[in-house]
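Chains A and B are the protein sequences, given in the same order. Per my numbering, the first sequence starts with residue 141, numbered consecutively. Per my numbering, the second sequence starts with residue 141, numbered consecutively. Backbone N, C-alpha and C define an ideal beta-carbon position, used for all residues, glycine too. Quick caveat, the model's predicted, so the values are computed rather than measured. I have placed the structure first, in the form of structure tokens, so that the comments after it can refer back to it.
There are 2 protein chains.
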Amino acid sequence: MRISKLVGERLKDSASGTNVKSHNFLLRAGYLKQVCNGIYSLLPPAQLVNLKIQNIIREEMNKVGGQEVLMPVVMPKEMWEKSGRYYSIGEEMVRFKDRNDHDMLLGMTHEEATVQLCTNTIKSYDQLPFMVYQIQTKFRDEARPRAGLIRVKEFTMKDAYSFHYDKEEMKKYYQRVYDSYNRIFKRIGMKNFIAVKSDTGMMGGEIAHEFMLLTDIGEDSIVICPHCDYKANMEVATSIDTKPSFEDIDLKEVFTGDAKTIEEVCSLLNIKPNQTIKAVCYAIVGDDKNTVVVFVRGDKEVNEAKLKKIVGKEVATKDLTETGFVKGNIGCLNLNIPNTRIIFDSSLKDLCGMVTGTNKEGYHTIGVNLKRDLPNIDFVDVSKVNEGDVCPICGAKLTIKRGIEIGNIFQLGTKYTKSMEMTVTMPDGSLMNPLMSCYGIGVGRALASVAEESADDKGLVWPMSIAPWQIYFCPLRMDDENVKEIAEEIYKSLLKKFEVIYDDRNVSAGIKLTDSELMGVPIRVVISPRSLQNKQAEITIRKSSEKIMVELKDLNEKLKDLISQEMEELNG
Amino acid sequence: MRISKLVGERLKDSASGTNVKSHNFLLRAGYLKQVCNGIYSLLPPAQLVNLKIQNIIREEMNKVGGQEVLMPVVMPKEMWEKSGRYYSIGEEMVRFKDRNDHDMLLGMTHEEATVQLCTNTIKSYDQLPFMVYQIQTKFRDEARPRAGLIRVKEFTMKDAYSFHYDKEEMKKYYQRVYDSYNRIFKRIGMKNFIAVKSDTGMMGGEIAHEFMLLTDIGEDSIVICPHCDYKANMEVATSIDTKPSFEDIDLKEVFTGDAKTIEEVCSLLNIKPNQTIKAVCYAIVGDDKNTVVVFVRGDKEVNEAKLKKIVGKEVATKDLTETGFVKGNIGCLNLNIPNTRIIFDSSLKDLCGMVTGTNKEGYHTIGVNLKRDLPNIDFVDVSKVNEGDVCPICGAKLTIKRGIEIGNIFQLGTKYTKSMEMTVTMPDGSLMNPLMSCYGIGVGRALASVAEESADDKGLVWPMSIAPWQIYFCPLRMDDENVKEIAEEIYKSLLKKFEVIYDDRNVSAGIKLTDSELMGVPIRVVISPRSLQNKQAEITIRKSSEKIMVELKDLNEKLKDLISQEMEELNG
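Structure follows, in structure tokens:
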């Protein structure tokens, strides 16, 4: 490919509206163009990376026996009514009416379609286990797209679905795909990634893992024990709470005036947040009548994923205007607002000497003893783990990191096969609903995540396995007839063996070298009037900046070695 | 792949609801499953074919300098308002509102998106010509899906777009892609296809060609001159009309009673249809007020594609209830209905002695002399070519064939670059709107078309280049331990060199051989207790039914030869 004909331009200045490195470089280096909020077109270099990632995923899925299929983007309502998700999924699913007034939707995921595809096409237990997968376009109407391809509305996804005749066998297969995911992320050049336990969310099922790239720009919090194997998404992470201990005094109302927030009350009473009882109010989505109030220790945060599971519905923090609550003074004693469900977090269990609101303006109650004052309360785990909390497995202190979810896998059980009436015949002639697991990887997000992790301050740094081209061929002084002539020859010879982008522009060395770094091609080959005098070319390795002078006659051989060396490392 | 694990089942009986061979076999052989009207899932064998076709298309597009990109399925209204197509395209385009009440649509084609992608990323004339293409999902809300993958709502399409600085250069590039299309269809194993001139339809532009597979199940009519190079889609085909000649008599009203249709009137008056003037009424879509009446010779049909161009809007035959027209008696003399545009087809020019309606019940007028009675009329070509009409190029008699449109190419000109304000800088510093062409191939339709053309009465017959597997390995008597053991060995050895589907089922020879034919894998290898006694295997070529006995030790070599032989023919 000649860069003079390459569609896309390299920009000197940072793209506006983004502070995420990969997003910025992908825009500046001519990989992406935004169509509208959360929707992008991939320019040729990005599509080359995209296809390479797809092929690696395809190879690994085939290795674990996956069979590639292609299901539709647009599906009829009926299928999703059977599973119940037509109603349980919110605005992120696009719904429309076709020309015959039939309700249709854009698939966010394909459990329903897979079960429809496999019902009757698989009939007997001895055809299990099997897995189908597809690499296909998904649309999710994300409320908050961000960071380029990291969180978008439309994306290419590999989604796989396996079917099983018992739990043991499902778990065994799940582990195979788990291992396969580790290989995929390693092969595409990701380094600092881990698998963590995760919430099953809208998918249903019991056990799920997310693969996370650890990075400060991640939007997920991951709880990690540095001493044992415990790793979990904040949404499901638990810890052994180190309970604080305070003097057990009598209940007493104290004047706190305008002090409303935990910070203000603590400052006024000269206590720490862990001596307070914080109230957080939630509305239940789709239920205008009822409210949920969660009491949690002042140093803890409510874990909304856990709360959702307890309530059984979506929740959203509630605006307290026009309710019966006294904002900033909600207390756990004598709270009496109709249609309010009250939940106590286990961080409060057994504590005494605590401070809570009085449910009236200007006052708080001190000396709350949970056991004494609220003897019949059930405590549940509805709070987030704090940095430094104790690992539930080994007792070490937990750390919290940020991560991007790069893949997820779920043991779904029979949720879909039961509701959609898929059965297989068992050896004894009985019919059973097969167990099911599903496994996803967002291809565009994988692209952006690798870009994020590997980029340096000069630009992108692609791993060899997914680089748009292996070699950036960069002759300097294209106005020199000799350089131009030899460059064309070398280009033709390189093309026979390698994937090459040829910087055939007649522009300054500065522009060429800067662009080659920005675009992140793993190996750069420079020739110039001076290097040609010595019959040499200069090789630069993008990721290490290492420079190697090589005789022109040895160039192809040297490049072959460098490429296969990196490929071996990646394929391990 | 072991057939015992393959997702999809082979059906003995014809699929109901279809009389199209390819559709029937693709359903019966486990390639397709319908999701709802016009929407299908591809089972593993079909997806294998699909990917092979895509790769052949990709190779040929790259050969003519195409750069692969990926544009979104979902696009915002604004882009399509600029080109005007948001309003000019009808119900076949899906429109919906996103969660923020923004108007969005599902792309049927990507001229707008391509211009958006290339605007500013291409700035100078010396970057032209260039072509971008994508292989991507399209959704068109077809009114009448039919014949499986032949006409569906959702499909994978290769769409390409090229940009040019002048007409000469655009035509040259267009010819390169035209040649590339011929190679693609040949390489995927299509035989009886031709390129014909076609209507530009909703795309706009002036020159367009369709690639047509000639087949009786085609829904397009193609006018072909057997003596010269003239080939055109009926929509744009012209002919030299052989004018009939009748006695020039005086006008006279005759009683025709209940005779309304051309047939009835001809029968009553003992004349042929070519002596009558037929009236056809049309409504203009989106215009409740105006009507169009076309007068055409009784032996001719109105060509609605031509009519659309003349009217400049979509038209639809009009129900005459509650209009001022006298159904069956509409006449071209003294027709006076308000808001009616009258169009005369050139087939009527200069004729005399013709019969027309009187615009009142029970009567027709005979002896119409167009020149004498309607001296100031313009005649336009608005009728379909009839079989046997005279070729406009060489004067031979035209034939009409049926065809499936397998690809189309359009010279669009500046329609999109002008409306969307894409410019490039010319050598003299001026700005110009580049000229544009576009080129489409429906991948699923190509799959179904090859299936249709190559199938025989036993099932599918895949060309080697796109077959899901090259070899159907079919051991008979899998209950025989010796067969089973050797079969596993042979399978492993075949897998190293070939794409193999292994019929490892313990079922009758009849079922196995029938399934192998139904599924259409190009080469079948059978071993049985008897063949193993002679250390032999039996090779059967699916398309010719040729059988070859081969020593087991020579099997791989023989297969290699057979495969490369067919591949050479296809790539020729």
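Residues that DSSP places opposite residue i in a beta bridge
i, result
"Arg142 (chain B)", "B:Tyr642"
"Pro615 (chain A)", "A:Ile667"
"Asn373 (chain A)", "A:Ile362"
"Thr505 (chain A)", "A:Glu393, A:Thr496"
"Ala423 (chain B)", "B:Thr431, B:Ala456"
"Thr296 (chain A)", "A:Thr277"
"Leu571 (chain A)", "A:Thr565"
"Gly582 (chain B)", "B:Met297"
"His717 (chain A)", "No statement about residue 717 (chain A) is possible, as the shown extent of chain A runs from 141 to 712 and does not include it."
"Ile553 (chain B)", "Reading the sequence as shown, one finds Gly at residue 553 (chain B) and not Ile. Beta-bridge pairing links Gly553 (chain B) to B:Met576."
"His349 (chain A)", "A:Lys337, A:Ile549"
Sub-7 Å separation of residue i and residue j beta-carbons
i, j, result
"Leu600 (chain B)", "Gly660 (chain B)", "yes"
"Phe435 (chain B)", "Ile417 (chain B)", "yes"
"Leu587 (chain B)", "Val189 (chain B)", "yes"
"Tyr108 (chain B)", "Gly582 (chain B)", "In the structure as shown, chain B begins at 141 and stops at 712. Residue 108 (chain B) is therefore absent and cannot be evaluated."
"Met248 (chain A)", "Pro216 (chain A)", "no"
"Ser228 (chain A)", "Glu252 (chain A)", "no"
"Ser313 (chain B)", "Met566 (chain B)", "For the record, residue 313 (chain B) in the displayed sequence is Tyr; it is not Ser. The answer is no: Cβ separation not under 7 Å."
"Leu257 (chain B)", "Ser181 (chain A)", "yes"
"Pro574 (chain B)", "His250 (chain B)", "no"
"Leu354 (chain B)", "Lys541 (chain B)", "yes"
"Gly507 (chain A)", "Leu391 (chain A)", "yes"
"Val520 (chain B)", "Asn499 (chain B)", "no"
"Val272 (chain A)", "Gln207 (chain A)", "yes"
"Ile611 (chain A)", "Val665 (chain A)", "yes"
"Met494 (chain B)", "Gln551 (chain B)", "no"
"Lys652 (chain A)", "Asp643 (chain A)", "yes"
"Val564 (chain A)", "Pro184 (chain B)", "no"
"Ser302 (chain B)", "Ser577 (chain B)", "yes"
Secondary structure of residue i, DSSP reduced to three states
i, result
"Cys531 (chain A)", "coil"
"Ile630 (chain A)", "helix"
"Ile196 (chain A)", "helix"
"Cys610 (chain B)", "First, the amino acid is wrong: residue 610 (chain B) is Gln here, not Cys. Gln610 (chain B) falls in the coil class under three-state DSSP."
"Ala649 (chain A)", "helix"
"Leu538 (chain B)", "coil"
"Leu257 (chain A)", "helix"
"Val590 (chain B)", "helix"
"Gly543 (chain A)", "strand"
"Ser156 (chain A)", "coil"
"Ala729 (chain A)", "The shown model of chain A, from 141 to 712, leaves out residue 729 (chain A), and the question about it has no answer."
"Thr416 (chain B)", "strand"
"Leu600 (chain B)", "coil"
Element boundaries [beta strand (DSSP E), containing residue i]
i, result
"Ser523 (chain A)", "Per DSSP, Ser523 (chain A) belongs to no beta strand (DSSP E) and is neither H nor E."
"Leu449 (chain B)", "A quick correction: the sequence has Lys, not Leu, at residue 449 (chain B). Premise fails: Lys449 (chain B) lies in the alpha helix (DSSP H), 444-451, not in any beta strand (DSSP E)."
"Ile483 (chain B)", "480-485"
Boundaries (first-last residue) of the alpha helix (DSSP H) holding residue i
i, result
"Phe325 (chain A)", "307-327"
"Met219 (chain A)", "217-223"
"Lys511 (chain A)", "510-513"
"Lys687 (chain B)", "No alpha helix (DSSP H) holds Lys687 (chain B); the beta strand (DSSP E) holding it covers 687-691."
"Arg168 (chain B)", "161-168"
"Leu695 (chain B)", "695-711"
"Val175 (chain A)", "No alpha helix (DSSP H) contains Val175 (chain A), which is instead part of the beta strand (DSSP E) from 172-176."
Kindly confirm or deny that the stretch 522-531 of chain B and the stretch 370-384 of chain B touch, where touching means at least three C-beta pairs closer than 8 Å. yes
Are there three or more Cβ pairs, one per stretch, closer than 8 Å when the stretch 321-339 of chain A is compared with the stretch 270-280 of chain A? no
Within 8 Å, do at least three Cβ pairs link the stretch 196-208 of chain A to the stretch 151-160 of chain A? no
When you compare the stretch 298-318 of chain A with the stretch 571-585 of chain A, are there three or more beta-carbon pairs, one atom per stretch, that lie closer than 8 Å? yes
For the pair the stretch 167-187 of chain A and the stretch 283-294 of chain A, tell me if three or more CB-CB distances fall below 8 Å. yes
Three or more C-beta pairs under 8 Å: does that hold for the stretch 480-495 of chain A against the stretch 436-447 of chain A? yes
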